[in-house]
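**Student:** Have a look at this one before I ask anything.
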Amino acid sequence: MLLYTRGSTYLLPLLLSYFLPLQQSIFLSLQGNKKIYFASDFHLGVPTYQKSREREDRIVRWLDSIRHDAHAIYLVGDIFDFWFEYSSVVPRGYVRLLGKLAELSDSGIKLIFFKGNHDMWMFDYLHKELNATIISNELILEYGGKRIYVHHGDGLGPGDGKYKLLKKFFRSPFCQWLFARIHPNLGIGIADKWSRNSRIANDQKEEFLGEEKEWLVVFSKEVLQKEHFDYFIFGHRHLPLDIKLTENSRYVNLGEWIHFNTYAVLDEFGALELKTFEG
Ligand SMILES: [Mn+2]
Numbered sequence: 001m002l003l004y005t006r007g008s009t010y011l012l013p014l015l016l017s018y019f020l021p022l023q024q025s026i027f028l029s030l031q032g033n034k035k036i037y038f039a040s041d042f043h044l045g046v047p048t049y050q051k052s053r054e055r056e057d058r059i060v061r062w063l064d065s066i067r068h069d070a071h072a073i074y075l076v077g078d079i080f081d082f083w084f085e086y087s088s089v090v091p092r093g094y095v096r097l098l099g100k101l102a103e104l105s106d107s108g109i110k111l112i113f114f115k116g117n118h119d120m121w122m123f124d125y126l127h128k129e130l131n132a133t134i135i136s137n138e139l140i141l142e143y144g145g146k147r148i149y150v151h152h153g154d155g156l157g158p159g160d161g162k163y164k165l166l167k168k169f170f171r172s173p174f175c176q177w178l179f180a181r182i183h184p185n186l187g188i189g190i191a192d193k194w195s196r197n198s199r200i201a202n203d204q205k206e207e208f209l210g211e212e213k214e215w216l217v218v219f220s221k222e223v224l225q226k227e228h229f230d231y232f233i234f235g236h237r238h239l240p241l242d243i244k245l246t247e248n249s250r251y252v253n254l255g256e257w258i259h260f261n262t263y264a265v266l267d268e269f270g271a272l273e274l275k276t277f278e279g
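Okay, so the sequence shown: first residue is 1 according to full-length UniProt numbering, each after it adds one.
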């Protein structure tokens, strides 16, 4: 598993990740009789401090409600509306979420963070502080007799060439090095302004486009031509979706926590359910 560490070992994986294709596979085999939880797109930080805090408090209540049977919690990208780690500085805020995650991690629950398109600049901080595993692209899980494909969902499927190019640029070590040279007050200030223009920061709900036009459905069906997966789990689309792709394969989108408060839970028998947190 590719984990970023500082010093000389930090440069090598960064360089490698630049030259290797973006879609790398990491295989994990899990066993146990507990549950695995998935959630994404908290977008903490927008639209205002107060609204973000209310959402953060709700997420903490959700984490408390699942801790008794959680084997692992998968946070599938865009947890923060903007995140960038400098070598000695991290963005302000989110202390309740980070504190709760630290507590859960210390109690033995595994934490897995996926890089989203809003928070792709996670390096070693969350690994060091929370013992979290950071996943750059997709993760292929085998659990409860099921094969599961998990990815934030950005840059997959047909179209969106502009973003795919931008993603390569933003993820390049040179771009990250350059951004880290900007004073955090300015760098994070610019990034915050930019990310405040996004649809989600402006309280816009997404609408279902129909199976033919939903690009992550198209992508999943293409993958199925080559390889079987029982479940595809994505975030990014900001719409809770549970779509039957074939007789034995489903696409689940985790939605977001501004309007929906949705998450998925996989039980010890391999059943996957999309649920809403009401607390
Ligand atoms: Mn998002």
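Every residue, glycine too, gets a C-beta built ideally from N, C-alpha and C.
Does DSSP put I26 in a helix, in a strand, or in coil?
**Tutor:** Within the sequence shown, the letter at position 26 stands for residue 26. At I26 the pLDDT is 48, less than 50, meaning the model places this residue with poor confidence; the figure from the coordinates comes in the next sentence. If DSSP states are grouped into helix, strand and coil, I26 belongs with coil.
**Student:** Give me whichever residues DSSP pairs with V150 in a beta bridge.
**Tutor:** As a position in the sequence shown, residue 150 is number 150, starting the count at 1. DSSP lists L139 and I233 as partners of V150.
**Student:** Can you have a look at Y49 and say buried or exposed, based on whether 16 or more other CB atoms are within 10 angstroms of its CB?
**Tutor:** In the sequence shown, residue 49 corresponds to position 49, counting from 1. So Y49 counts as exposed.
**Student:** Beta strand (DSSP E) containing A39: first to last residue?
**Tutor:** On the sequence shown, position 39 is the one that residue 39 refers to. K35 to A39 is the span of the beta strand (DSSP E), which, as asked, contains A39.
**Student:** Could you give the residue range of the alpha helix (DSSP H) that holds N185?
**Tutor:** If you number the sequence shown from 1, residue 185 lands on position 185. Run containing N185: P184 to S195, per the alpha helix (DSSP H) assignment.
**Student:** Checking the sheet assignment: what are the DSSP bridge partners for I258?
**Tutor:** For the purposes of this step, residue 258 is taken as the residue at position 258 of the sequence shown. I258 pairs with nothing; no bridge assigned.
**Student:** Taking three-plus beta-carbon pairs below 8 Å as touching, is the stretch 47–67 in contact with the stretch 99–117?
**Tutor:** They touch, by the three-pair rule.
**Student:** If you drop the 5 nearest sequence neighbours on each side, which residues of the same chain put their C-beta closer than 7 Å to that of E273?
**Tutor:** As a first step, residue 273 is located in the sequence shown; it is residue number 273 there, counting from the start. Result list for E273: A264 and V265, in chain order.
**Student:** Whose C-alpha, out of L224, L75, F123 and E214, is nearest the C-alpha of G113?
**Tutor:** As a position in the sequence shown, residue 113 is number 113, starting the count at 1. Sequence inspection shows Phe at residue 113; the Gly mentioned does not correspond to that position. Selected option, being the one with the closest Cα: L75.
**Student:** Roughly how many whole angstroms lie between the Cα atoms of N248 and D230?
**Tutor:** Start at 1 with the first residue of the sequence shown, and residue 248 comes out as number 248. Start at 1 with the first residue of the sequence shown, and residue 230 comes out as number 230. Taking the straight line joining both Cα atoms gives about 6 Å.
**Student:** So, under 8 Å CB-CB, D57 and R96 are touching, yes? Tell me the CB distance rounded to an integer number of Å.
**Tutor:** The residue given as residue 57 occupies position 57 in the sequence shown. The residue given as residue 96 occupies position 96 in the sequence shown. 7 Å between Cβ atoms; contact.
**Student:** Give every residue whose Cβ lies closer than 5 Å to any heavy atom of ligand 1, listed in chain order.
**Tutor:** Those residues, listed in chain order, are D41 and D78.
**Student:** In terms of residues, what are the limits of the beta strand (DSSP E) holding I73?
**Tutor:** Translated into positions along the sequence shown, residue 73 becomes position 73. Looking at the DSSP string, the run of the beta strand (DSSP E) that includes I73 is A70 to L75.
**Student:** Measuring alpha carbon to alpha carbon, tell me which residue in G144, L139, E138 and K110 is nearest L130.
**Tutor:** The residue you call residue 130 lines up with position 130 of the sequence shown. Considering only alpha carbons, the answer is K110.
**Student:** Ordered along the chain, which non-local residues of its own chain (more than five positions away) have a Cβ less than 6 Å from that of Q24?
**Tutor:** Locating residue 24 in the sequence shown gives position 24, counting from the first residue. Its pLDDT being 47, under 50, Q24 is placed unreliably in this model, and the coordinates cannot settle the point.
**Student:** Quick check on this structure: which residue in E54, L239, S198 and K51 has the alpha carbon closest to the alpha carbon of L209?
**Tutor:** The residue labelled residue 209 in the question sits at position 209 within the sequence shown. Selected option, being the one with the closest Cα: L239.
**Student:** Do G235 and G45 count as a contact pair if the criterion is CB distance below 7 Å?
**Tutor:** To locate residue 45, count along the sequence shown from 1; it is residue 45. To locate residue 235, count along the sequence shown from 1; it is residue 235. In this structure, G235 does not lie closer than 7 Å to G45 by Cβ.
**Student:** Can you tell me which of the three DSSP states W121 falls into?
**Tutor:** Sequence index remark: in the sequence shown, residue 121 carries index 121 (1-based). Strand at W121.
**Student:** Could you spell out where the alpha helix (DSSP H) holding I59 opens and where it closes?
**Tutor:** If you number the sequence shown from 1, residue 59 lands on position 59. Segment Y49 to I66, the alpha helix (DSSP H) holding I59.
**Student:** Under 7 Å, do H68 and I36 count as touching if we go by C-beta distance?
**Tutor:** Counting from 1 along the sequence shown, the entry for residue 68 is found at position 68. Counting from 1 along the sequence shown, the entry for residue 36 is found at position 36. No.
**Student:** At which residues does the alpha helix (DSSP H) containing E273 begin and terminate?
**Tutor:** Here the question's residue 273 lines up with position 273 in the sequence shown. Here E273 belongs to no alpha helix (DSSP H); instead the beta strand (DSSP E) covers L272 to T276.
**Student:** In the DSSP assignment, find the unbroken beta strand (DSSP E) run with P91 in it and report its ends.
**Tutor:** Stepping through the sequence shown from its first residue, residue 91 is reached at position 91. Unbroken run through P91: none, as it is neither H nor E.
**Student:** If you compare alpha carbons, which of L126, S198 and F42 is closest to G99?
**Tutor:** Your numbering for residue 99 matches position 99 in the sequence shown. Per the Cα distances, L126.
**Student:** Are the beta-carbon atoms of H259 and K193 separated by less than 7 Å?
**Tutor:** As a position in the sequence shown, residue 259 is number 259, starting the count at 1. As a position in the sequence shown, residue 193 is number 193, starting the count at 1. No; because the gap between Cβ atoms is not below 7 Å, this pair is not in contact.
**Student:** If you draw a straight line from the C-alpha of E207 to the C-alpha of L178, how long is it?
**Tutor:** For the purposes of this step, residue 207 is taken as residue 207 along the sequence shown, with counting starting at 1. For the purposes of this step, residue 178 is taken as residue 178 along the sequence shown, with counting starting at 1. Rounded to the nearest angstrom, the two C-alpha atoms are 37 Å apart.
**Student:** Using only the alpha-carbon positions, how far apart do S8 and D267 sit?
**Tutor:** For the purposes of this step, residue 8 is taken as residue 8 along the sequence shown, with counting starting at 1. For the purposes of this step, residue 267 is taken as residue 267 along the sequence shown, with counting starting at 1. Note that S8 scores 38 on pLDDT, short of 50, meaning its location in the model is unreliable and no value can be drawn from it.
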